[in-house]
């Protein structure tokens, strides 16, 4: 049996929110890399955290964009 649906809402505790952000950021970057490799797609991912830290990923073929 699969997992049940969870309600998506903002995490009130700032420490838990930052940990969740870090984990999900890593997962998104991994998915972007996989999409680039598996589908020969050009992927560019930009993220700004609640603490105004900037993270990005660009597939090798989009570095000049």
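Numbering (the UniProt record's numbering), first residue to last: 1 to 65. Even glycine gets a Cβ: it sits at the ideal position worked out from N, Cα and C.
According to DSSP, residue 48 shares a beta bridge with 54.
For residue 59, there is no enclosing alpha helix (DSSP H), as DSSP gives it neither H nor E. Spatial neighbours of residue 45 in its own chain (CB-CB distance under 6 Å, excluding positions within 5 residues in sequence) are listed in chain order as 32 and 57. With contacts defined as CB atoms closer than 8 Å, residue 47 and residue 17 fail to qualify as a contacting pair. Residue 14 places its beta carbon 8 Å or farther from that of residue 42.
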